[in-house]
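Going left to right, the sequence shown walks through residues 534 to 919 as the working numbering numbers them.
Down below is the structure, laid out as structure tokens.
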Amino acid sequence: MLSEHPPSHWDSPEIWEEPYPPGPIYGPGWGLACGGWHADFEALFWWRRGQDIPALVTTSDAGTPQANAGVLGLPTTTVLLGNHKITDANRTGGRVSVGTWFDPYQVNGAVVRFFSLKDDQANYRYSTDDNSILGRPFFNVSTSAEDARLVGYPGISTGWVDVDARSDFAAGDVVLRMMLTQGNCWRLDLIGGYQTARIDESLRIRDELTSTDPGGNVPVGTRVAVEDYFGTRNQYHAGVVGAIWEYDRGTGALSVRASVGLGNMREEVTIRGQTTTTPPAGAATTVDSGFLTQPSNIGTYVQNEFAAVPELAIRARWYLSDHLAISAGYNFIYYSKVVRPGEQIDRVLNLTQVPGPIVGESRPAFSFQSGSLFMHGLTVGLHAEF
534 MLSEHPPSHW DSPEIWEEPY PPGPIYGPGW GLACGGWHAD FEALFWWRRG
584 QDIPALVTTS DAGTPQANAG VLGLPTTTVL LGNHKITDAN RTGGRVSVGT
634 WFDPYQVNGA VVRFFSLKDD QANYRYSTDD NSILGRPFFN VSTSAEDARL
684 VGYPGISTGW VDVDARSDFA AGDVVLRMML TQGNCWRLDL IGGYQTARID
734 ESLRIRDELT STDPGGNVPV GTRVAVEDYF GTRNQYHAGV VGAIWEYDRG
784 TGALSVRASV GLGNMREEVT IRGQTTTTPP AGAATTVDSG FLTQPSNIGT
834 YVQNEFAAVP ELAIRARWYL SDHLAISAGY NFIYYSKVVR PGEQIDRVLN
884 LTQVPGPIVG ESRPAFSFQS GSLFMHGLTV GLHAEF
């Protein structure tokens, strides 16, 4: 019996022999509307490696002789701050990613990311109200032995020491992505492009003492305020290559992004100091050197180093609608070369530099002390297709 309907284009055997256009069956919006643009808005809950600092503040048992007060290595001395890491607390932040496809089959595309962490600030304050003996320890070139500058000692002076550490981080990248292969519910893409980062940190150490010694070198009531500042800036520019693997089952998806950046880290260290002496009567005087900051190490120093930055990002998504999904994941980033403030401190001092002339070795000295930095943590966010 003949069909009552005329032949259709779909009845032609040739149509089934035509190849499908190249491209993945599933794009990054698996389960979502297959739009040309996609975006992620994520909250970051990350932890980062802290910076090492030497012993900065000490105290001693009551009754310790003045010559031994605050001196490292003695059983009567306690380190109040130092010989450990600081600025290593959990930090929150945010990341925005926007991507697009260059073809309807989602073979080639691009992704732009920017992320930053909330400025981290740690403050430590010590006063003779709590510790009658308060010292700033150092190794004395003149005596070739451990020593301490006393901010507070009974009958000699009262005072305080304040240490403020700050850290700021931001990064971003622009990559092109191209599908390499695909299978049932999965695809593998190659990515390559440019990435950048900026890591700014500072360590400020301030102290102030007030003379209480009638037989001292300065009148009772004289105030001496000292400030040491160590600042670092790391600026990273590099090329990046990697891969993205994605798997989707319709109601949710899993993605893994692995990459490595190779490029230049511009490292900058700024060291400055100041000492202000204010007598009970008369004008204050100021010199441009502190305690750990002397003419021999004060200045701004710059160097460039080759750096490698591997990154791993794992993320799961659960679809809420055709255009929206929620996500959760884990991130790890490692910077092979950075300079950090606490690690630029030379605690070997020759205090004859001011007012001079210097006698003996010129210390503290500056030399770049580069280390590494890693950060990792959890992410939660929203994924949208439009």
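Just so it is clear, CB atoms sit at the ideal spot from N, CA and C, and this is done for glycine as well.
By how many angstroms is the C-alpha of residue j removed from the C-alpha of residue i?
i	j	result
LYS651	GLY893	45 Å
GLY904	VAL872	6 Å
ASP695	VAL629	37 Å
THR818	ILE689	21 Å
THR735	ARG669	Sequence check: residue 735 is Ser here, not Thr. Going from the Cα of SER735 to the Cα of ARG669 covers about 19 Å.
HIS617	VAL590	12 Å
GLY726	VAL774	7 Å
TYR638	THR625	37 Å
GLU918	VAL707	19 Å
PHE671	VAL631	51 Å
PRO557	ASN641	Unreliable positioning characterises PRO557 in this predicted model, as indicated by a pLDDT of 40, which lies under 50. The coordinate reading is nonetheless provided below. Taking the straight line from one Cα to the other gives about 10 Å.
GLN827	THR833	13 Å
ASN611	ALA704	Correcting the residue identity first, residue 611 is Thr in this sequence and not Asn. Rounded to the nearest angstrom, the two C-alpha atoms are 40 Å apart.
TYR657	PRO813	28 Å
SER665	LEU605	17 Å
TYR852	ILE732	35 Å
TYR659	LEU613	8 Å
ILE586	ALA681	17 Å
GLY748	VAL802	41 Å
ALA849	ALA588	44 Å
VAL753	ALA595	23 Å
LEU845	PHE635	25 Å
Is it true that the CB of residue j sits closer than 8 Å to the CB of residue i?
i	j	result
GLY692	THR729	no
GLN877	PHE763	yes
LEU825	ASP761	yes
HIS909	TRP570	no
MET712	ARG699	no
ALA576	VAL913	yes
ILE866	LEU915	no
GLY921	GLY794	Residue coverage of the chain in this structure runs from 534 to 919, which leaves residue 921 outside it and unanswerable.
TYR863	VAL842	no
SER792	ILE738	no
LEU478	GLY615	Within the shown structure, residues of the chain are numbered from 534 to 919, placing residue 478 beyond reach of any answer.
PHE899	ILE804	yes
For the beta strand (DSSP E) that residue i lies in, which residues bound it at each end?
i	result
LEU709	690-716
LEU614	610-614
HIS916	903-918
ARG720	719-744
PRO874	Careful: PRO874 lies outside any beta strand (DSSP E) and carries neither H nor E.
PRO670	667-673
THR633	624-634
VAL590	590-593
SER649	641-660
GLU760	756-781
LEU577	570-581
ARG682	678-685
ASP585	584-586
HIS617	617-619
Going along the chain, which residues of its own chain have a beta-carbon closer than 7 Å to the beta-carbon of residue i, five neighbours each way excluded?
i	result
ILE891	ASN883 and THR885
TYR780	CYS718, TRP719, ALA786 and LEU787
ARG896	VAL674, SER829, ASP879, VAL881, LEU882 and ASN883
THR620	GLY583, GLN584, ASP653, ALA655, ALA698 and SER700
PRO874	GLN584, GLU734, SER735, LEU736, PHE763, GLY764 and THR765
ASP722	ARG710, MET711, MET712, LEU713, ALA776 and ILE777
GLY796	TYR769, HIS770, ALA771, GLY772 and ALA840
PHE578	ASN623, THR625, GLY910 and LEU911
PRO554	For PRO554, the pLDDT reaches just 41, beneath the cut-off of 50, and the residue's location in the model is therefore unreliable, although a value from the coordinates is still provided. Taken in chain order, the residues that qualify are TYR638.
ARG782	CYS718
TYR686	GLN599, ALA602 and ILE666
THR633	GLY569, TRP570, GLY642 and ALA643
ILE923	In this structure the chain extends from 534 to 919, so residue 923 is not present and cannot be described.
PRO888	none
GLY597	The amino acid occupying residue 597 in the given sequence is Thr; Gly does not appear at that position. Same-chain partners within the cutoff: THR609 and ILE666.
Leaving out five residues before and five after residue i in sequence, what residues of the same chain have Cβ atoms less than 6 Å from its Cβ?
i	result
VAL751	SER744
ALA758	GLU741 and THR809
PHE901	GLN836
VAL645	VAL631 and VAL707
LYS870	MET798, GLU838, ALA840 and SER903
PRO608	none
THR755	SER744 and PRO812
ASP573	SER630, GLY914 and HIS916
PHE647	VAL629 and GLY705
So, at 8 Å on beta carbons, what are the nonlocal neighbours of residue i in its own chain, with the 5 sequence-adjacent residues on each side left out?
i	result
ILE831	ILE804, ARG805, GLY806, ASP821 and SER822
GLY627	PHE574, GLU575, ALA576, LEU577, PHE648 and SER649
Could you check if residue i belongs to the surroundings of the ligand GDP, using beta carbon to heavy atom distance under 7 Å?
i	result
THR729	Because no ligand of any kind appears in the structure shown, any question about the ligand GDP cannot be addressed here.
Could I get the ranges of all uninterrupted alpha helix (DSSP H) runs contained in the segment 793-853, with 4 residues as the minimum, in chain order?
Within the segment 793-853, no run of alpha helix (DSSP H) reaches 4 residues while sitting entirely inside it.
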